[in-house]
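Have a look at the structure below, then the notes.
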Amino acid sequence: MLSNEERIQAMHLRASQIRQQSRAKKVMIAQIAGGVVCFAIVLIIAIQMSRISGTVHGGAGIDSMRASIFSDGGAFGFIVVAVVAFAFGAAVTIFCYRLKKWNEEKEKLTVNDRKH
Numbered sequence: 143m144l145s146n147e148e149r150i151q152a153m154h155l156r157a158s159q160i161r162q163q164s165r166a167k168k169v170m171i172a173q174i175a176g177g178v179v180c181f182a183i184v185l186i187i188a189i190q191m192s193r194i195s196g197t198v199h200g201g202a203g204i205d206s207m208r209a210s211i212f213s214d215g216g217a218f219g220f221i222v223v224a225v226v227a228f229a230f231g232a233a234v235t236i237f238c239y240r241l242k243k244w245n246e247e248k249e250k251l252t253v254n255d256r257k258h
């Protein structure tokens, strides 16, 4: 048989575990949502690059850019998409790292509150 204090302590422990599981699910959902949004933005930019690069290089003559890698205008789109994809990848990585760190700090505070 458990005493009332032991039951209350077990109840608080289980409630804390449920809160930690809920917080972990929210963190995972936020990380996945951030990644999906950034991937969608990069995908939209990649699809739109054919139109954008056509207007940027429309006025340049072929003779003026003979030795350039941008002479046909196609490489410009790939470079822009690569830079945007890298920037969003870095942003998602930083976001996930800070979210994880925030979650760990919140867990430490919860553990300290239970001890006192």
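In my numbering, the protein residues as written are 143 to 258.
Where a beta carbon is used, it is the ideal one built from N, C-alpha and C, also for glycine.
These figures come from a predicted structure and were not determined experimentally.
Per the coordinates, the alpha-carbon of A157 lies some 43 Å from the alpha-carbon of I186. Counting the other CB atoms within 10 Å of its CB gives F228 a total below 16, which places it among the exposed residues.
Residue environment analysis places M170 among the exposed positions, since fewer than 16 neighbouring C-beta atoms fall within 10 angstroms of its C-beta. In the three-state DSSP reduction, S158 falls in the helix class (H, G or I). Apart from sequence neighbours up to five positions away, no residue of its chain approaches R193 with a beta-carbon distance below 7 Å.
Here E249 is near Q162, since their CB atoms are less than 8 Å apart. In the three-state reduction of the DSSP assignment, L251 falls in the helix class.
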